[in-house]
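Asker: Next up is a structure, given as structure tokens.
Number of protein chains: 2
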Amino acid sequence: MSKQENTLSIFALGGLNEIGKNMYAIQYEDDIIIIDCGNKFPDESLLGIDLIIPDMSYLQENKEKVRALIVTHGHEDHIGGIPFFLKKLNVPVFATRFTLGLIELKLREHKILRESELKEITSASELTFGKVSVDFFKVTHSIPDCLGMVFRTPEGNVVHTGDFKFDYTPAKNEHADIHKLAEIGKEGVLLLLSESTNAERPGATPSEQMVGEHVDEAFMKAQQKVILSTFASNVSRVQQVVDAARKTNRKLALLGRSMVNVVEVAMERGYLQVPEGMIIDQNQINDLPPERVAILCTGSQGEPMAALSRLSTGNFRGVEVLPGDTVILAAGPIPGNERNVTRIVDNLFTIGANVIYGSGSSSGMHVSGHGYQEDLKLMLTLMKPKYFIPIHGEMRMLQKHRLLAESIGVEEGNTFIINNGDVVDIKSGIARHTRKVTAGNTYVDGVGVGDVGDIVLRDRKQLSEDGMLIVVLTMSKSEKKLVTSPDTISRGFVYMRESEELLKDVNKLIEKTVNEVPESNKNEWGVIKQHVKKSIGQYLFSHTRKKPMILPIIIEI
Amino acid sequence: MSKQENTLSIFALGGLNEIGKNMYAIQYEDDIIIIDCGNKFPDESLLGIDLIIPDMSYLQENKEKVRALIVTHGHEDHIGGIPFFLKKLNVPVFATRFTLGLIELKLREHKILRESELKEITSASELTFGKVSVDFFKVTHSIPDCLGMVFRTPEGNVVHTGDFKFDYTPAKNEHADIHKLAEIGKEGVLLLLSESTNAERPGATPSEQMVGEHVDEAFMKAQQKVILSTFASNVSRVQQVVDAARKTNRKLALLGRSMVNVVEVAMERGYLQVPEGMIIDQNQINDLPPERVAILCTGSQGEPMAALSRLSTGNFRGVEVLPGDTVILAAGPIPGNERNVTRIVDNLFTIGANVIYGSGSSSGMHVSGHGYQEDLKLMLTLMKPKYFIPIHGEMRMLQKHRLLAESIGVEEGNTFIINNGDVVDIKSGIARHTRKVTAGNTYVDGVGVGDVGDIVLRDRKQLSEDGMLIVVLTMSKSEKKLVTSPDTISRGFVYMRESEELLKDVNKLIEKTVNEVPESNKNEWGVIKQHVKKSIGQYLFSHTRKKPMILPIIIEI
């Protein structure tokens with residue numbers, strides 16, 4: 001993208017038409033400011049992929065213009081891509097104290113903490129990059145220390161909300177700065193970027209206070225151990241668990257690496273108050289009477305290797321869920337995780353535990369961190385933007401958010417429903433969506449970043465559904481014919497034992513096929529391979545309805 | 001299982017601790033009666049599996065005792081296993097007229113219709129098998145002609161509810177026979193088997209009448225084409241669509257094989273009334289003005305190959321969704337299908353369609369066919385059983401259903417939460433769960449039934465996540481050493497192009513490994529293979545964090 005004089009440009013490298021890998025950018029002439037750099041977890045169709053991060057090639061090509069990465073809050077879908085970003089771009093990272101704590105954990109893991117330039121900000125900070133200055137406002141979400149921000153540009157003010165809800169009685173002092181929001185709105189907002197996660201949900205988000213009351217009640221009723229699973233980063237909920245444990249005179253054990261790490265960061269940095277001596281090691285659990293024990297663990301999304309899942313199947317060394325124990329799932333399943341979560345609930349019921357669970361807020365043990373329609377309308381009302389880009393959501397959420405904006409008075413045609421990579425340019429007060437920059441998914445598989453692409457995935461899909469058949473042909477170089485009978489090896493296809501007949505027939509067919517290749521083509525091993533693939537493929541499909549990958553290998557001797 | 005004198009035995013071969021593949025059995029001495037024979041669709045972990053049916057080996061071993069298969073209704077999870085059952089056991093199948101229509105479609109597809117013994121029953125039928133007689137009662141569900149049944153045995157009466165809800169204003173004349181239910185309860189029920197699908201949901205199931213009103217409203221508001229997707233077998237909902245089309249003077253096209261087939265069965269057999277000339281061929285859609293067209297299609301579960309999905313991506317030949325068209329999803333997503341459904345909704349929004357959707361009954365376009373807690377309590381209250389076995393549900397549902405039963409007076413300890421294969425024996429009025437018969441999953445993959453097992457699936461999983469690397473070693477028989485450099489072929493692992501260096505190093509390592517195998521072991525190709533697998537496996541894991549399947553192939557020359 002060449003320099004666009006007097007032009008303010010807004011685009012996303014991730015977060016539009018998806019939930020995850022949020023990464024937004026604001027460019028004014030030669031200064032690019034990045035907001036967030038998240039990851040996304042793959043769905044089942046992306047076989048074997050560990051992580052998805054934004055394609056950052058546009059930023060790499062414009063390295064010298066990228067001034068800063070500003071982070072709204074510490075959730076994975078906002079910080080998970082940072083290590084990969086910093087390996088490619090040497091840019092300072094600005095975030096609040098708690099968010100920085102989580103980023104540091106990540107950078108340490110990737111062994112790039114020392115060389116990274118991390119800068120702590122607060123909601124009172126002011127930054128300037130070229131002709132753009134940035135200031136901040138507090139918002140409430142499901143993790144401490146969240147920011148929204150205002151970019152003051154020569155074209156006008158651009159507001160990015162971050163992830164937010166309004167909660168007038170949050171668990172800790174995490175109120176949104178509603179007065180500052182009102183001021184910003186009064187000053188005038190050219191463009192609002194607001195998150196859309198719950199744009200489909202009518203009403204207002206229930207208060208976190210409700211959760212506290214339900215947690216207290218469950219702890220009081222429990223006769224034995226209480227095990228509660230939630231997101232480690234939801235520190236105010238963790239605080240409520242600590243408080244309930246204190247009130248019922250229980251010690252608290254932490255299970256799961258991220259729970260231990262995040263609680264440590266939160267305590268160190270003053271976001272979590274835990275009475276001296278309350279936290280015990282998991283080895284001490286069995287030394288205490290069950291009614292004196294509470295356990296806080298990871299795995300509320302049903303992740304198969306996390307603590308809760310292992311507890312539910314009796315595979316957590318040294319800690320056991322017993323009949324009569326109380327197990328609380330204090331988190332809503334993220335779409336796609338429902339089955340894994342219900343599997344755990346079923347296992348816990350099988351053990352005989354008293355399981356408190358439920359989708360959404362039906363159990364009273366969870367409220368969403370994202371504003372419902374009334375919250376979104378309050379933000380829109382406070383901001384009264386001229387232009388609106390709904391962000392952080394899938395298409396239907398963006399569309400519903402557009403309708404909400406129009407309902408509070410944003411003019412039809414002034415909302416831009418765009419894709420990752422689409423650029424909205426604003427010049428002389430007029431916004432237009434005309435051009436695109438490169439955007440997309442980069443797959444992280446093992447330690448490889450971007451080394452797995454569509455072909456590899458297509459192969460994996462075929463292998464996963466029908467397996468494969470390797471055909472080894474030992475051919476004489478001089479005589480152009482088979483020296484021995486072909487060898488076949490199958491994996492993931494059918495049981496060898498039960499399919500001996502089938503494979504015998506296949507071997508005969510291979511010999512026949514190879515012998516029938518016209519003499520003139522026998523010089524080309526490629527032609528022989530094609531013939532074998534085709535005839536064996538057809539034969540297997542007609543006999544088994546399966547299409548294994550067929551790999552002919554020719555050995556010349 | 002040897003003959004159990006004077007003993008009534010109840011067990012399931014499918015349907016307990018799962019949703020799907022329902023198959024229950026009642027045995028009195030030497031007479032076994034089967035209720036339903038369903039299938040289940042695999043989740044993503046069962047790579048490439050098309051279908052799951054109950055393991056029927058117990059029935060095959062006791063062939064001569066199996067008297068009848070009685071079918072409650074025509075949903076896949078109750079009839080989908082019948083073709084496989086009839087290929088193994090020659091047993092008469094009893095079902096109502098509509099259910100038989102759907103079973104016939106299946107048997108025709110499997111080319112075994114002619115030799116099958118199908119017997120039509122009604123809710124007034126009475127059957128006798130040995131010392132057990134069976135009579136029936138109508139229930140309301142989301143498909144026509146559903147039955148529950150009473151088994152009158154020397155030990156007492158056993159009631160099987162089938163799938164049911166109570167709806168006092170159903171769309172067609174599909175009322176439950178509540179008076180007969182009351183009589184049965186008055187006579188005395190020894191054991192109740194009742195379905196548990198919605199045992200977690202408080203309240204009562206809303207009436208199908210509500211859906212009719214919402215469908216009418218949407219049709220009236222629509223300015224262009226209306227496209228509605230629902231389960232083909234939900235004939236009363238189809239009738240509501242037909243009625244709405246009639247009221248708004250629209251012709252109706254049917255898209256999707258199962259929609260066409262089921263509507264045909266329903267019309268032929270008098271379950272669906274369609275005005276003469278209303279149904280048009282899909283080729284005629286574009287000849288009519290859009291406000292004169294309604295389309296009824298399959299794919300409400302987001303199935304990628306079904307009509308709705310293809311419409312949403314512009315891949316349905318000859319039919320196009322245009323901006324301003326109304327698309328209604330009149331079915332709730334079955335757990336696990338949420339993502340596929342929302343993907344379609346997003347695509348339709350992208351096109352610019354007016355999409356009416358929503359989980360559960362939030363859009364007013366869908367009500368469940370399964371009774372909520374109050375419905376289940378009404379059934380329990382009418383039956384007042386001595387013993388209770390909650391069926392048709394996952395563990396948490398069975399447990400919640402147990403609590404409901406206890407709340408209306410079933411004694412604690414008289415509810416049996418059992419697994420597929422667990423047998424409850426009743427003798428002299430006392431029920432005990434003591435023994436097991438064989439039960440489990442049989443996988444159908446392509447045309448193979450049971451030829452894919454855990455090893456094949458494990459291979460597919462490894463292949464799907466990390467791909468594979470084939471190592472071809474050409475070894476001299478006499479000299480026990482490599483004749484040429486090793487050849488490697490990878491699929492689904494990493495891009496060859498980008499990993500040339502890696503694969504070069506691998507080749508070197510293979511040579512080194514083979515050469516270093518101790519002389520004494522070189523006679524055994526197996527040992528060489530083991531060494532190669534191990535050293536290459538370690539090398540690749542440490543360099544890529546991936547564990548591809550490594551397949552060494554030795555060619556002797």
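As given, the protein sequences belong to chains E and R, one line each in that order. In terms of UniProt numbering, the first sequence opens at residue 1 and continues consecutively. In terms of UniProt numbering, the second sequence opens at residue 1 and continues consecutively. Using N, Cα and C, we set each Cβ at its ideal position, and we do this for glycine too.
(1) Just reading off the alpha helix (DSSP H) that aspartate 36(E) is part of, what are its end residues?
(2) Using a Cβ-Cβ cutoff of 8 Å, what residues of the stretch 224-239 of chain R are near chain E? List them in chain order.
(3) Using only alpha-carbon positions, find the residue among Ile227(R), Leu348(R) and Arg269(R) that is nearest to alanine 330(R).
(4) Just checking my contact of alanine 253(R) with valine 293(R) at CB under 8 Å: how many whole Å lie between their CB atoms?
(5) Do you know offhand how far arginine 257(E)'s Cα is from methionine 305(E)'s?
(6) If you draw a straight line from the C-alpha of glutamine 223(E) to the C-alpha of asparagine 173(E), how long is it?
(7) Tell me whether methionine 23(R) sits in a helix, a strand or coil according to DSSP, three-state version.
(8) Within the stretch 74-134 of chain E, note down every full alpha helix (DSSP H) run reaching 4 residues or more, in order along the chain.
(9) Runs of 3 residues minimum, wholly inside the stretch 363-440 of chain R: which ones carry the beta strand (DSSP E) assignment?
(10) Serine 300(E): buried (16+ other C-beta within 10 angstroms of its C-beta) or exposed?
(11) Taking C-beta to C-beta, are glycine 38(E) and aspartate 77(E) nearer than 7 Å?
(12) In whole angstroms, what is the alpha-carbon distance linking arginine 545(E) and aspartate 445(R)?
(13) Can you tell me the Cα-Cα spacing of alanine 25(R) and isoleucine 34(R), whole angstroms?
(14) Which residue marks the beginning of the beta strand (DSSP E) containing lysine 251(E), and which one marks its end?
(15) Give me the Cα-Cα distance between threonine 513(E) and glutamine 530(E), rounded to the nearest whole angstrom.
(16) Classify isoleucine 455(E) as buried or exposed, calling it buried when 16 or more other Cβ atoms lie within 10 Å of its own Cβ.
(17) Does DSSP classify aspartate 346(R) as helix, strand or coil?
(18) Would you verify that the beta carbon of arginine 460(R) is, or is not, closer than 7 Å to some beta carbon of chain E?
(19) What are the partner residues of phenylalanine 137(E), as DSSP defines its beta bridges?
(20) Excluding sequence positions up to five away, which residues of its chain have a Cβ less than 7 Å from the Cβ of phenylalanine 541(E)?
(21) Would proline 552(E) pass as an interface residue toward chain R - the criterion being a Cβ-Cβ separation below 7 Å?
(22) Counting pairs of beta carbons, one from the stretch 184-192 of chain R and one from the stretch 366-384 of chain R, are three or more of them closer than 8 Å?
(23) Report the rounded CA-to-CA distance for asparagine 347(E) versus glycine 358(E), giving the unit in angstroms.
(24) Looking only at its own chain, which residues have a Cβ that is under 6 Å from the Cβ of serine 312(R), when we skip the five neighbours before and after it?
(25) Is alanine 218(E) buried or exposed, if buried means 16 or more other CB atoms sit within 10 Å of its CB?
(26) Using a Cβ-Cβ cut-off of 6 Å (strictly less than) and excluding sequence neighbours within five positions of lysine 377(E), which residues of its own chain qualify?
(27) Which parts of the stretch 492-518 of chain E are runs of the alpha helix (DSSP H), unbroken and 4 residues or longer, counting only runs that do not cross its ends?
(28) The alpha helix (DSSP H) with valine 158(E) in it runs from where to where?
(29) Alpha carbon to alpha carbon, how far is glutamate 29(R) from valine 134(R)?
(30) Sort Met259(R), Thr298(R), Ile295(R) and Gly318(R) by Cα distance to asparagine 283(R) and report the nearest one.
(31) Which one or two residues does DSSP pair with residue 564(R) in a beta bridge?
(32) State buried or exposed for isoleucine 32(E), treating a residue as buried only when at least 16 other CB atoms are found within 10 Å of its CB.
(33) Looking at serine 9(R): is its Cβ nearer than 7 Å to the Cβ of threonine 438(R)?
(34) At least one CB of chain E closer than 7 Å to the CB of leucine 502(R): is that the case?
(35) Mind checking which residues open and close the alpha helix (DSSP H) that includes valine 211(R)?
(36) Could you tell me the alpha carbon to alpha carbon distance between arginine 152(R) and lysine 386(R), rounded to whole angstroms?
Answerer: Once the coordinates are examined:
(1) According to the DSSP assignment, aspartate 36(E) belongs to no alpha helix (DSSP H), since it is labelled neither H nor E.
(2) The residues in question: there are none.
(3) Alanine 330(R) has its Cα closest to that of Ile227(R), out of Ile227(R), Leu348(R) and Arg269(R).
(4) Right, their Cβ atoms sit about 7 Å apart.
(5) In this model, arginine 257(E) and methionine 305(E) are separated by some 11 Å (Cα to Cα).
(6) Straight-line spacing of the CA atoms in glutamine 223(E) and asparagine 173(E) works out to 32 Å.
(7) If DSSP states are grouped into helix, strand and coil, methionine 23(R) belongs with the strands.
(8) The qualifying runs are 76-79, 82-88 and 97-109.
(9) Listed in chain order, they are 387-391, 422-427 and 430-436.
(10) It is buried - the Cβ of serine 300(E) has at least 16 other Cβ atoms within 10 Å.
(11) Taking the C-beta atoms as reference points, aspartate 77(E) is found nearer than 7 Å to glycine 38(E).
(12) Arginine 545(E) and aspartate 445(R) have their C-alpha atoms roughly 8 Å apart.
(13) So the two alpha carbons sit approximately 5 Å from each other.
(14) Counting along the chain, the beta strand (DSSP E) containing lysine 251(E) begins and ends at 251-255.
(15) Straight-line Cα distance between these residues: approximately 10 Å.
(16) Flag for isoleucine 455(E) reads exposed.
(17) Helix.
(18) Closer than 7 Å to the CB of arginine 460(R) there is at least one CB belonging to chain E.
(19) Beta-bridge pairing links phenylalanine 137(E) to Gly148(E).
(20) Result list for phenylalanine 541(E): Lys547, in chain order.
(21) For proline 552(E), the answer is no, since every Cβ of chain R falls outside 7 Å of its Cβ.
(22) Output reads yes: the stretch 366-384 of chain R touches the stretch 184-192 of chain R.
(23) Taking the straight line joining both Cα atoms gives about 15 Å.
(24) If we look at serine 312(R) and ignore the five residues flanking it on each side, its Cβ neighbours are Ile344, Asn347 and Leu348.
(25) Buried is the call here.
(26) Taking lysine 377(E) as the centre and dropping the five residues before and after it, the same chain places the C-beta of Leu404 and Ile408 closer than 6 Å to its C-beta, in chain order.
(27) Whole alpha helix (DSSP H) segments, 4+ residues: 500-516.
(28) It is not in any alpha helix (DSSP H) - valine 158(E) instead sits in the beta strand (DSSP E) that spans 156-160.
(29) One Cα belongs to glutamate 29(R), the other to valine 134(R), and the distance between them is close to 16 Å.
(30) Out of Met259(R), Thr298(R), Ile295(R) and Gly318(R), Gly318(R) has the C-alpha closest to the C-alpha of asparagine 283(R).
(31) The displayed coordinates of chain R run from 1 to 557. Any statement about residue 564(R) would go beyond what the structure contains.
(32) Counting the other Cβ atoms within 10 Å of the Cβ of isoleucine 32(E) gives 16 or more, which makes it buried.
(33) Their beta carbons are not under 7 Å apart, which means serine 9(R) does not touch threonine 438(R) by this criterion.
(34) For leucine 502(R), no CB of chain E lies under 7 Å from its own CB, so it is not counted at the interface with that chain.
(35) According to the DSSP assignment, valine 211(R) belongs to the alpha helix (DSSP H) that extends over 208-221.
(36) Going by the C-alpha atoms only, they are around 15 Å apart.
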